[in-house]
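Have a look at the structure below, then the notes.
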Amino acid sequence: MIINTGGRTDTVNYYSDWLLNRFREGYVYARNPMFPKHIVRYRLTPDVVDCVVFCSKNYRPILPRISEITDRFNVFCHYTITAYGKDIEPNVPGIGESIGTLIELSEKVGKERVTWRYDPVLLAGNYTIAHHLQTFDRMARQLAPHVAFCIFSFVEMYKRLKTNMPELIPLTGADKETLAEGMGRIAARYGLPLQTCGTADSYERYGIRRSGCMTTAILGKALGCQFKKMAHKGTRIGCSCMPTRDIGAYDTCPNGCKYCYANKKPELAWENYKLHDPESPLLLGHIGPDDIVKEGSQTSFIVRPTPQPLFADTD
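Anchor point for the sequence shown: position 99 equals 118 in the numbering used here, and the numbering is continuous, going up by one each time.
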């Protein structure tokens, strides 16, 4: 199975002590977001966890101790660095600081296990197409030697954005074409493989691969193994990623990004953050008397070699 630490919140940035405690103790609890009284217990041991996937906008808090996980488990790291400032990502480090941290991360885990996420791509105020292309060029030049590839996606216009980000300018088809053409040209200049994620649109004519961010092919190549073929619908339209188990919780990320899908509002995330106990098996709060805890189904997706007999039958 694949453990996902960053789909619902920026665990690495704000809950790294808790995460390290969970791996040290060898298990974790995760609430079902649809049925909050239902809790799943997962073992965090190398015999059942094929890979630990990180996704964060700041690896600095866990970087000094990340070897406690990487020495025992396969890992794959998504590092999100965008063109936005504090007006859109109020609690995210600046571009220069983030690039420096990514380079250190790459040196520790290997560039083949690090991908740079430049997403979501959106237009608002001074964040124009020209600004994106200029910033992407500057970042790609520095990051290309340190990542396996780069992923980008265009912002999804879901209902919550109308309230949280009224200044957002809807992307037209022509806007997307201009951005894709420019980003593809820049990526090719620096030898940076570029792909989309979670979109039905194809920009392969610009040298951009259409794929998922956690497919069997991508993880297999990064980890040097082969994964079983599996039917999986993904998490949204255009997603071809393999199934993962997320151990985080929604409405707990203090990054405060205006475009965030995982928080209803920043104030709620900060209130929930106060309920966090790094010693609890749950990211948020503790197990209550009415909670129902069940063991999670954990099966390896890696193809294991067929054992060969010690002595072959030559008769």
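Cβ coordinates follow ideal geometry from the N, Cα and C atoms, glycine included.
Asked: Within a Cβ cutoff of 8 Å, which residues of the same chain sit near Leu39, ignoring the five residues on either side of it in sequence?; Found: Ile81, Arg84, Glu87 and Ile88
Asked: Based on Cα-Cα distance, which residue from Phe42, Cys70, Ser221 and Asn77 lies nearest to Arg60?; Found: Phe42
Asked: Could you tell me the distance, in whole angstroms, from the CA atom of Tyr269 to the CA atom of Lys56?; Found: 15 Å
Asked: Which residues in the same chain as Val111 place their Cβ atom closer than 6 Å to its Cβ, once the five residues preceding and following it in sequence are excluded?; Found: Lys76 and Asn274
Asked: Three or more beta-carbon pairs under 8 Å between the segment 176–188 and the segment 212–231, yes or no?; Found: no
Asked: Distance, Cα to Cα, Ala241 vs Tyr292?; Found: 33 Å
Asked: Over what stretch of residues does the alpha helix (DSSP H) that includes Gln161 continue unbroken?; Found: Ile148 to Leu162
Asked: Does the Cβ of Thr191 have 16 or more other Cβ atoms within 10 Å, making it buried, or fewer, making it exposed?; Found: exposed
Asked: Between which two residues does the alpha helix (DSSP H) containing Ala49 stretch?; Found: Careful: Ala49 lies outside any alpha helix (DSSP H), inside the beta strand (DSSP E) at Tyr46 to Arg50.
Asked: Would Gly210 and Arg264 be called neighbours here (beta carbons separated by less than 8 Å)?; Found: no
Asked: Please identify the residue among Gly267, Ile321 and Cys279 whose C-alpha is closest to the C-alpha of Ser299.; Found: Gly267
Asked: Which term fits Ala206, buried or exposed, when burial requires 16 or more other beta carbons within 10 angstroms of its beta carbon?; Found: buried
Asked: Can you say whether Glu108 is buried or exposed, counting buried as having 16 or more other CB atoms within 10 angstroms of its CB?; Found: buried
Asked: Buried or exposed for Leu301, please, with buried defined as at least 16 other CB atoms from any protein chain shown within 10 angstroms of its CB.; Found: buried
Asked: In the structure shown, what three-state DSSP assignment does Thr191 receive?; Found: coil
Asked: Express the C-alpha separation of Thr24 and Tyr103 in angstroms, rounding to a whole number.; Found: 24 Å
Asked: What does DSSP give as the partner residue(s) for Phe54 in the beta ladder?; Found: Per DSSP, none; premise fails for Phe54.
Asked: Would you check if the segment 62–78 and the segment 88–98 touch, i.e. whether three or more CB-CB distances between them fall below 8 Å?; Found: yes
Asked: Exposed or buried, Asp309, counting other C-beta atoms within 10 Å across all chains shown (16 or more means buried)?; Found: exposed
Asked: Which residue or residues does DSSP assign as beta-bridge partners of Ile227?; Found: Ile227 pairs with nothing; no bridge assigned.
Asked: According to DSSP, what are the bridge partners of Leu142?; Found: Ile188
Asked: Kindly indicate which three-state DSSP category Thr215 falls into: helix, strand or coil?; Found: strand
Asked: Any chance the segment 141–151 sits against the segment 115–132, with 3 or more Cβ pairs inside 8 Å?; Found: no
Asked: Is the beta carbon of Val72 closer than 8 Å to that of Arg21?; Found: Rather than Arg, the amino acid found at residue 21 in this sequence is Ile. Yes, they are a contact pair.
Asked: Please report the residue range of the alpha helix (DSSP H) in which Val128 lies.; Found: Ile114 to Val128
Asked: Excluding the five sequence neighbours on either side, which residues of its own chain have a C-beta within less than 7 Å of the C-beta of Glu69, listed in chain order?; Found: Checking the sequence shown, residue 69 turns out to be Asp, not Glu. Cβ within range, chain order: Met20, Ile21, Asn93, Ser319, Phe320 and Ile321.
Asked: So, at 7 Å on beta carbons, what are the nonlocal neighbours of Asp334 in its own chain, with the 5 sequence-adjacent residues on each side left out?; Found: Below a pLDDT of 50, predicted positions are generally treated as unreliable, and Asp334, at 47, falls in that range; no measurement from the model is reported.
Asked: On the DSSP bridge assignment, give the partners of Thr99 in chain order.; Found: Arg136
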